[in-house]
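Residues 0 to 137 (numbering that gives the first Met the number 0) are what the sequence shown spells out, left to right.
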Amino acid sequence: MIDMSTAAGARAMERLRTELIAWLTTVTADGQPQSSPVWFLWEDGEIVVCSLATTPRVRNLRADPRVAVNLNSDAEGGDIVTLEGEARIVDHALPPETEAAYRAKYDAKIGEYGWTWESFRRDYPAVVRIRPTRVRLG
Numbered sequence: 000m001i002d003m004s005t006a007a008g009a010r011a012m013e014r015l016r017t018e019l020i021a022w023l024t025t026v027t028a029d030g031q032p033q034s035s036p037v038w039f040l041w042e043d044g045e046i047v048v049c050s051l052a053t054t055p056r057v058r059n060l061r062a063d064p065r066v067a068v069n070l071n072s073d074a075e076g077g078d079i080v081t082l083e084g085e086a087r088i089v090d091h092a093l094p095p096e097t098e099a100a101y102r103a104k105y106d107a108k109i110g111e112y113g114w115t116w117e118s119f120r121r122d123y124p125a126v127v128r129i130r131p132t133r134v135r136l137g
């Protein structure tokens, strides 16, 4: 979906692999968009998010799977990466290879917060997988 042969596409893929924070927008039952910062992993053309099970985000996704995911822009509003897509909540733990990649990306942050991987896994059990249906770069 992202054209890697372009400079913008290659830059977007690099950012999806390396950036620590994305903004996930879900929609409440009354139609109000709700954005929240999330840790994420880009894997096999999808975004993987581990979430607290009791957040409004999870409740919103169960009712309406449509989402938007945005990476921060640069200081002038450029370097835009926006994905729209459909989310699904996976009712099982991360597969071993996904867990290894997630840990490689976030182990330092988990430690900074005083958590362990076991406490993170316990506290953030809702695994959300987002399949992009539209991408905007700029």
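Glycine included, C-beta positions come from ideal geometry on N, C-alpha and C.
Remember, it's a predicted structure, so these values are computed and weren't measured experimentally.
Cβ neighbours of residue 42 within its own chain (closer than 8 Å, five residues either side excluded): 97, 100. Cβ neighbours of residue 9 within its own chain (closer than 8 Å, five residues either side excluded): 3.
Residue 51 sits in coil when the DSSP states are folded into three classes, being neither helix nor strand. Residue 36 counts as exposed, since fewer than 16 other beta carbons sit within 10 angstroms of its beta carbon.
Excluding its 5 nearest sequence neighbours in each direction, residue 20 has C-beta neighbours in its own chain below 6 Å: 36, listed in chain order.
Around residue 108, the same chain offers 19, 38 as residues with beta carbons nearer than 8 Å, after the five sequence neighbours per side are excluded. With a contact defined as Cβ atoms closer than 8 Å, residue 127 and residue 48 qualify at about 4 Å.
Restricted to the region 66-133, the beta strand (DSSP E) segments that are unbroken, complete and at least 3 residues in length are 80-89, listed in chain order.
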